[in-house]
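This report concerns only the one structure given below.
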Ligand code: 1HN
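Numbering (my numbering), first residue to last: 607 to 957.
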């Protein structure tokens, strides 16, 4: 053993380790994420969701979810280093019992129209393409209104800031004393109060920095994107792309999670870009391709409705749309922006 290695062994029991052996890895020239791109083809995984429905009830599971794990981070329950994603199934007649936690959640509805979620005493119906928020520390339960025999299964994408809360060791959780929390306001109350491009005169930020609008219905998002695309031209990198907003602040809908919807016109061939916020995509409509590259490696994902894929930090991506396509996405952008560390780069600006 040479003198340096001997020294490293000697200091180990004192819980010391030499910086100079890891300096370059600790402070990389540019992001060098362990995460890899991955595509979850819906047709390929839908049978597994169905099987999970035969194996366990929503009530027993508490949440019947298949976690979408980054293949490079097995066992860590995350899709990027900062974000969790999963597909949740709720069958006709089922209830996912009420609880609350400091982790914030988004739901993006993938399939089925008979479910609702209740958040802080108000229910909202869930329809495909709706973007729904569960603010930190609000009681929430879900149900499928359809009759137990007959009716349709409902599947949605869950996006949570679980890895961030784990990083900060700031997670708390508790169950509601009842399976379903009492409904104290009629459906649509929150939308009328906060979702009409207006706010109560005495706005009191009931959920802190989190948006008080808890359902952003797809119909309105889709209509806005269609109008933008018709009025063209669209952004050469992103197509017609809008971000979801907390109407009370103009900021992100969730303090830890940004969400977006973009429309790629038929025949769109986007320019490549990269950013430090690794991003999870859920395909709503249409077919196309996401071409991802990092160094010498390239991944080409041909996507259709209900497919999901992840583009990790500082991986270059461009989109091609065979037919008009609509993509939902979410990332940790609010956190990086608040810390002043967000970087993005639009490549080939002149082509
Ligand atoms: C949770 O509460 C839900 O409420 C979904 O639907 C996924 C993953 C980890 C921890 C809590 C939900 C979750 C979760």
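Even glycine gets a Cβ: it sits at the ideal position worked out from N, Cα and C.
Proximity of residue i and residue j at Cβ, strictly below 7 Å
{"i": "residue 923", "j": "residue 886", "result": "no"}
{"i": "residue 928", "j": "residue 894", "result": "yes"}
{"i": "residue 725", "j": "residue 744", "result": "yes"}
{"i": "residue 763", "j": "residue 714", "result": "yes"}
{"i": "residue 862", "j": "residue 704", "result": "no"}
{"i": "residue 702", "j": "residue 752", "result": "no"}
{"i": "residue 696", "j": "residue 817", "result": "no"}
{"i": "residue 769", "j": "residue 858", "result": "no"}
{"i": "residue 889", "j": "residue 874", "result": "no"}
{"i": "residue 648", "j": "residue 735", "result": "no"}
{"i": "residue 919", "j": "residue 637", "result": "yes"}
{"i": "residue 914", "j": "residue 898", "result": "no"}
{"i": "residue 712", "j": "residue 765", "result": "yes"}
{"i": "residue 737", "j": "residue 822", "result": "yes"}
{"i": "residue 690", "j": "residue 741", "result": "no"}
{"i": "residue 835", "j": "residue 846", "result": "yes"}
Reduced DSSP category for residue i - H, G, I as helix; E, B as strand; rest coil
{"i": "residue 630", "result": "helix"}
{"i": "residue 650", "result": "helix"}
{"i": "residue 703", "result": "strand"}
{"i": "residue 837", "result": "helix"}
{"i": "residue 682", "result": "coil"}
{"i": "residue 610", "result": "helix"}
{"i": "residue 912", "result": "coil"}
{"i": "residue 636", "result": "coil"}
{"i": "residue 776", "result": "coil"}
{"i": "residue 620", "result": "helix"}
{"i": "residue 670", "result": "coil"}
{"i": "residue 719", "result": "coil"}
{"i": "residue 658", "result": "helix"}
{"i": "residue 687", "result": "coil"}
{"i": "residue 615", "result": "helix"}
{"i": "residue 625", "result": "helix"}
{"i": "residue 902", "result": "coil"}
{"i": "residue 665", "result": "helix"}
{"i": "residue 891", "result": "strand"}
{"i": "residue 692", "result": "strand"}
{"i": "residue 919", "result": "coil"}
Integer-rounded CB distance, given that residue j should sit under 8 Å from residue i
{"i": "residue 655", "j": "residue 760", "result": "With a Cβ gap of about 11 Å, residue 655 and residue 760 do not count as contacting."}
{"i": "residue 700", "j": "residue 750", "result": "5 Å"}
{"i": "residue 644", "j": "residue 676", "result": "6 Å"}
{"i": "residue 948", "j": "residue 883", "result": "6 Å"}
{"i": "residue 867", "j": "residue 789", "result": "Going by Cβ atoms, the distance from residue 867 to residue 789 rounds to 29 Å, so no, they are not a contact pair."}
{"i": "residue 795", "j": "residue 728", "result": "6 Å"}
{"i": "residue 723", "j": "residue 748", "result": "5 Å"}
{"i": "residue 848", "j": "residue 830", "result": "6 Å"}
{"i": "residue 911", "j": "residue 891", "result": "6 Å"}
{"i": "residue 668", "j": "residue 692", "result": "Residue 668 to residue 692, Cβ: 13 Å. No contact."}
Restricting to runs no shorter than 4 residues, where is the alpha helix (DSSP H) found entirely within the stretch 924-953? Along the length of the stretch 924-953, whole alpha helix (DSSP H) runs at least 4 residues long occupy 939-945, reported in chain order.
Could I get the ranges of all uninterrupted alpha helix (DSSP H) runs contained in the stretch 731-771, with 4 residues as the minimum, in chain order? Counting only unbroken stretches of 4 or more residues, no alpha helix (DSSP H) element lies wholly within the stretch 731-771.
Scan the stretch 781-865 and note each continuous alpha helix (DSSP H) run of 4 residues or more that stays entirely inside, going in chain order. Fully enclosed alpha helix (DSSP H) runs of 4 or longer: 795-800 and 824-837.
Below 5 Å from a heavy atom of the ligand 1HN - residues by beta-carbon: Residues whose Cβ lies closer than 5 Å to any heavy atom of the ligand 1HN, listed in chain order: 669 and 764.
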